[in-house]
Amino acid sequence: MSLDELISACGQERQWVVELIEENIIEYDVPEREQFTGYQLTTVRRASRLSRDFEASVPAIGLILELLDEIEQLRQLKRQLDMQAPVIEVTIEHLK
-16 MSLDELISAC GQERQWVVEL IEENIIEYDV PEREQFTGYQ LTTVRRASRL SRDFEASVPA
44 IGLILELLDE IEQLRQLKRQ LDMQAPVIEV TIEHLK
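FYI, the numbering for the sequence shown is -16 to 79, going by my numbering.
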């Protein structure tokens, strides 16, 4: 989708979306054609909610989204490790 289509789909002002691009919060999927995908639309919508709900600035939104992505990656890694790790049962007997 084009920049205009992205702006229309997310319901934000053009300048605000341009600021997201300038802050590298979203990037063109196909830079030479200035095209976006659903992934960027999802990111813009998440950014829009953060802006609305917390009155976050564009740089703050970038940081928040980065931290949320990192949390999700860590959760996925933990799930993978939990599935690989053997369950060890330990029985403790009281010594007299």
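Here a beta-carbon is modelled for each residue, glycine too, at the ideal position from N, C-alpha and C.
Here the structure is a predicted model, which is why all the values come from computation and not from measurement.
Check whether the Cβ atoms of residue i and residue j sit closer than 8 Å, and answer yes or no.
{"i": "residue 29", "j": "residue 48", "result": "yes"}
{"i": "residue 8", "j": "residue 54", "result": "no"}
{"i": "residue 33", "j": "residue -11", "result": "no"}
{"i": "residue 42", "j": "residue 10", "result": "no"}
Express the C-alpha separation of residue j and residue i in angstroms, rounding to a whole number.
{"i": "residue 40", "j": "residue 71", "result": "47 Å"}
{"i": "residue 38", "j": "residue 14", "result": "30 Å"}
{"i": "residue 51", "j": "residue 27", "result": "14 Å"}
Sorted by chain position, which residues of the same chain lie with C-beta nearer than 8 Å to residue i's C-beta, five sequence neighbours on each side aside?
{"i": "residue -6", "result": "31"}
To which residues does DSSP link residue i through a beta bridge?
{"i": "residue 18", "result": "13"}
Taking 7 Å as the limit between beta carbons, can you name the residues of its chain near residue i, skipping five residues before and five after?
{"i": "residue 12", "result": "18, 19, 20, 23"}
Less than 6 Å between C-beta atoms, sequence neighbours within five positions excluded: which residues of the same chain meet that for residue i?
{"i": "residue -16", "result": "19"}
{"i": "residue 0", "result": "-10"}
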